[in-house]
Amino acid sequence: MRPEGDAAAASAVAPVFAQSVVLWQRTHGRSELPWQNTRDPYRVWLSEVMLQQTQVSTVLGYFDRFVARFPDVGALAAASEDEVFGLWSGLGYYSRARNMHRCAQEVVARFGGMFPRRAQDLVTLPGIGRSTAAAIAAFCFGERVAILDGNVKRVLTRVLGFDADLSVAVNERTLWDAATQLLPPASQPEAIGRYTQGLMDLGATVCLPRKPACMLCPVNGICAARLEGTPEKYPVKTRKLKRSAQSLWLLQARDPAGRVWLEKRPARGIWAGLYCLPVFDSDAALIEALPERLRGSARDGSPFLHVLTHKDLHLHPVLVDGDAAAAMPGDGQWLAPDAWQGLGLPAPVRKLLSSA
Ligand code: SF4
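In structure tokens form, the structure reads like this:
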């Protein structure tokens, strides 16, 4: 379908589409998740941020722990970054945790501890993009605004037969416009929450990237991709992420008591703000940074690969027998397992230390 045809396609199917999604959600959608059945923007926001790159089954435990420790946005804002990172540890993508903490602080500082009600204000907060802002505004305040996360893009491009390349910004804007046209009518303001949830549920449970369950889908009668017989060709996105590779050497020093030497990373760059083994660009730089009397104990650990979204990290642990009297590199400290386990650590470093 040409993008200019999408507005017509969206308005043609809009009434049936919205109604079908709402009815289906009522009987087949998800309703038992701990962030559902609430209009508390704090809980909705927390779940939206956690779910951005993580599956529901993983998020469940983290969500409960966060809400137990930080029952409201004020409690989260008042926490230290170390405590937030420690509780987040294992979810990865720590920029989400950092933005979440900043967002809580801004909600307190700019909005007196109350989340703003409109998507256009929510989107000014750190880490809240257009779709997350719309989800919070729709679920909690009944605003008639469209979400468009990855799952919803898949559903809508298939229903509309929208085959324009979504890596081109103008095409994505066209899809946003179509998503807005598909919303339940303004005369049914109570429908927006269930409709929004229904779209999320459809994308997560029926309209899957591979082998969508079209037979079970409430909009299969109006879905262009199903009629074409090629649902998996949507969404179209041609620009691939450019991948790069980097090698890093990790100083894995351990003292006779089993403590490891960890330092807090700078606020910018890789693993910003996390506790980490000292990182070096080369084996030689690592050895050079060691106190002379410890150099003889340095030996290579098993190198391993850690895959990030844009980059392959080739990590080379270097094992060293340290002691508290030696002047270790950087501004670190010796930490026993029960101390470092509660800190925010990069996933590969946690794995490395846990397996040692
Ligand atoms: S009919 Fe199939 S392809 Fe179309 S929206 Fe439903 S599940 Fe997705």
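Count along the sequence shown from 1, then add 390; that gives the number in our numbering.
We treat Cβ as the ideally placed atom computed from N, Cα and C, and that holds for glycine.
In terms of residues, what are the limits of the alpha helix (DSSP H) holding ALA536? In the sequence shown, the residue the question calls residue 536 occupies position 146. Looking at the DSSP string, ALA536 is not in any alpha helix (DSSP H), and its letter there is neither H nor E.
Under three-state DSSP, which class holds LEU423? Taking the first residue of the sequence shown as position 1, residue 423 is located at position 33. In the structure shown, LEU423 sits in coil (DSSP, three-state: anything other than H, G, I, E or B).
Cβ contact (3+ pairs, closer than 8 Å) linking the segment 495-502 and the segment 674-686: no
Drop a sphere of 10 angstroms on the beta-carbon of LYS632, count the other beta-carbons inside from all chains shown, and report buried for 16 or more, exposed for fewer. One-based indexing of the sequence shown puts residue 632 at position 242. Answer is exposed; the Cβ neighbour count stays below 16.
To the nearest angstrom, how far is the alpha carbon of PRO646 from that of PHE531? By one-based count along the sequence shown, residue 646 stands at place 256. By one-based count along the sequence shown, residue 531 stands at place 141. Spanning the two alpha carbons is a distance of roughly 57 Å.
Give the range of the beta strand (DSSP E) segment to which VAL697 is assigned. By 1-based counting over the sequence shown, the position of residue 697 is 307. Segment 694-697, the beta strand (DSSP E) holding VAL697.
Quick one: grab the DSSP three-state call for TRP724. Counting from one through the sequence shown, the residue named residue 724 turns up at place 334. TRP724: strand per DSSP, three-state reduction.
Report yes if the CB atom of ARG534 is closer than 8 Å to the CB atom of GLN415, and no otherwise. Residue numbering aside, residue 534 sits at position 144 when the sequence shown is read from its first letter. Residue numbering aside, residue 415 sits at position 25 when the sequence shown is read from its first letter. Against a cut-off of 8 Å, the Cβ pair of GLN415 and ARG534 comes out as no contact.
Quick check: is any heavy atom of ligand 1 less than 7 Å from the C-beta of PRO461? Reading the sequence shown from its first residue, position 71 is the one you call residue 461. PRO461 Cβ: outside cutoff for every heavy atom of ligand 1.
Distance CB(ARG644)-CB(GLY691) smaller than 8 Å: For the purposes of this step, residue 644 is taken as residue 254 along the sequence shown, with counting starting at 1. For the purposes of this step, residue 691 is taken as residue 301 along the sequence shown, with counting starting at 1. No, they are not a contact pair.
Considering only their Cβ atoms, is the gap separating ALA635 from ASP702 smaller than 8 Å? For the purposes of this step, residue 702 is identified with residue 312 of the sequence shown, where counting begins at 1. For the purposes of this step, residue 635 is identified with residue 245 of the sequence shown, where counting begins at 1. Taking 8 Å as the cut-off, the beta carbon of ASP702 is found closer than this to the beta carbon of ALA635.
Whose C-alpha, out of LEU441, TRP435, TRP661 and SER521, is nearest the C-alpha of ALA737? Residue 737 sits at position 347 when you count from the first residue of the sequence shown. Measuring C-alpha to C-alpha distances from ALA737 to each of LEU441, TRP435, TRP661 and SER521 identifies TRP661 as the nearest.
Got a sec: does ligand 1 put a non-hydrogen atom nearer than 7 Å to the Cβ of ARG420? Along the sequence shown, one-based indexing puts residue 420 at 30. Every heavy atom of ligand 1 is 7 Å or more from the Cβ of ARG420, so no.
Below 8 Å on the Cβ atoms is my guess for VAL434 versus PHE529; work out the distance and round it to an integer in Å. Here the question's residue 434 lines up with position 44 in the sequence shown. Here the question's residue 529 lines up with position 139 in the sequence shown. Right, their Cβ atoms sit about 5 Å apart.
For a test of your reading of the model: does the CB of ALA603 fall under 7 Å from any non-hydrogen atom of ligand 1? Yes or no. Against the sequence shown, residue 603 aligns to sequence position 213. Yes, the Cβ of ALA603 comes within 7 Å of a heavy atom of ligand 1.
Report yes if the C-beta of PRO621 is less than 7 Å from at least one heavy atom of ligand 1; otherwise report no. Here residue 621 refers to the residue found at position 231 when the sequence shown is read from its first residue. Yes, Cβ of PRO621 sits closer than 7 Å to a heavy atom of ligand 1.
Under 7 Å: does the beta carbon of ALA615 sit that close to some heavy atom of ligand 3? Ligands in the displayed structure: ligand 1; ligand 3 is not one of them.
Where does GLN571 land, buried or exposed, given buried means 16+ other C-beta within 10 angstroms? Translated into the one-based positions of the sequence shown, residue 571 becomes position 181. With a threshold of 16 other beta carbon atoms within 10 Å, GLN571 meets it and is buried.
Go to LYS741, then tell me how far its alpha helix (DSSP H) extends in each direction, as first and last residue. Residue numbering aside, residue 741 sits at position 351 when the sequence shown is read from its first letter. Run containing LYS741: 737-745, per the alpha helix (DSSP H) assignment.
Have a look at TRP730, TYR483, ASN561 and GLY659 and flag the residue whose alpha-carbon is nearest the alpha-carbon of VAL697. By one-based count along the sequence shown, residue 697 stands at place 307. The shortest C-alpha separation from VAL697 is found at TYR483.
Can you tell me where the beta strand (DSSP E) holding ALA643 begins and where it ends? Taking the first residue of the sequence shown as position 1, residue 643 is located at position 253. That run of the beta strand (DSSP E) goes 634-644.
What would DSSP say about ASP567, mapped onto helix, strand or coil? What you label residue 567 is simply residue 177 of the sequence shown in a count that begins at 1. In the structure shown, ASP567 sits in a helix (DSSP, three-state: H, G or I).
Specify whether the segment 607-623 and the segment 465-480 touch according to this definition: at least 3 beta carbon pairs, one from each stretch, less than 8 Å apart. no
Which stretch, first to last residue, makes up the beta strand (DSSP E) that contains HIS706? Working through the sequence shown from its first residue, we reach residue 706 at position 316. Counting along the chain, the beta strand (DSSP E) containing HIS706 begins and ends at 701-711.
Return the CA-CA distance between ALA408 and TYR624, expressed in angstroms with no decimal places. For this step, residue 408 is matched to residue 18 along the sequence shown. For this step, residue 624 is matched to residue 234 along the sequence shown. Cα-Cα distance, rounded: 20 Å.
Using the C-alpha atoms, what's the distance from PRO707 back to PHE694? Looking up residue 694 in the sequence shown gives position 304. Looking up residue 707 in the sequence shown gives position 317. When only Cα atoms are considered, PHE694 and PRO707 end up about 9 Å apart.
Does GLY659 come within less than 8 Å of chain C when only Cβ atoms are used? This model lacks chain C altogether, as it is built from one protein chain only.
Any non-hydrogen atom of ligand 1 within 7 Å of ASN610 CB: Here residue 610 corresponds to residue number 220 of the sequence shown, with the count starting at 1. ASN610 Cβ: within cutoff of ligand 1.
Out of ALA536, PHE505 and PRO506, which has the shortest C-alpha to C-alpha gap to ARG520? The sequence position of residue 520 within the sequence shown is 130, counting from 1. Checked all of ALA536, PHE505 and PRO506; the closest Cα to ARG520 is ALA536.
By the three-class DSSP mapping on this structure, what secondary structure does TYR452 have? Along the sequence shown, one-based indexing puts residue 452 at 62. The answer is helix: DSSP assigns TYR452 an H, G or I state.
In the DSSP output, which residue or residues are listed as bridge partners for TRP651? Working through the sequence shown from its first residue, we reach residue 651 at position 261. According to DSSP, which records beta bridges pairwise, TRP651 is partnered with TRP724.
Compute the Euclidean distance between the alpha carbons of ALA559 and GLY686, then round it to the nearest angstrom. In the sequence shown, residue 559 corresponds to position 169, counting from 1. In the sequence shown, residue 686 corresponds to position 296, counting from 1. Near 56 Å, if we compare the C-alpha coordinates of GLY686 and ALA559.
Looking only at C-alpha atoms, which of THR547, PRO656 and ARG683 sits nearest to GLY722? Position 332 of the sequence shown holds residue 722. Out of THR547, PRO656 and ARG683, PRO656 has the C-alpha closest to the C-alpha of GLY722.
C-beta contact flag for LEU735 and SER479 at 8 Å: Counted from its first residue, the sequence shown places residue 735 at position 345. Counted from its first residue, the sequence shown places residue 479 at position 89. Taking 8 Å as the Cβ cut-off, LEU735 and SER479 qualify as a contacting pair.
Contacting residues, own chain, Cβ-Cβ under 7 Å from ALA487 (five flanking each side not counted): Your numbering for residue 487 matches position 97 in the sequence shown. VAL474, PHE475 and TRP478, listed in sequence order.
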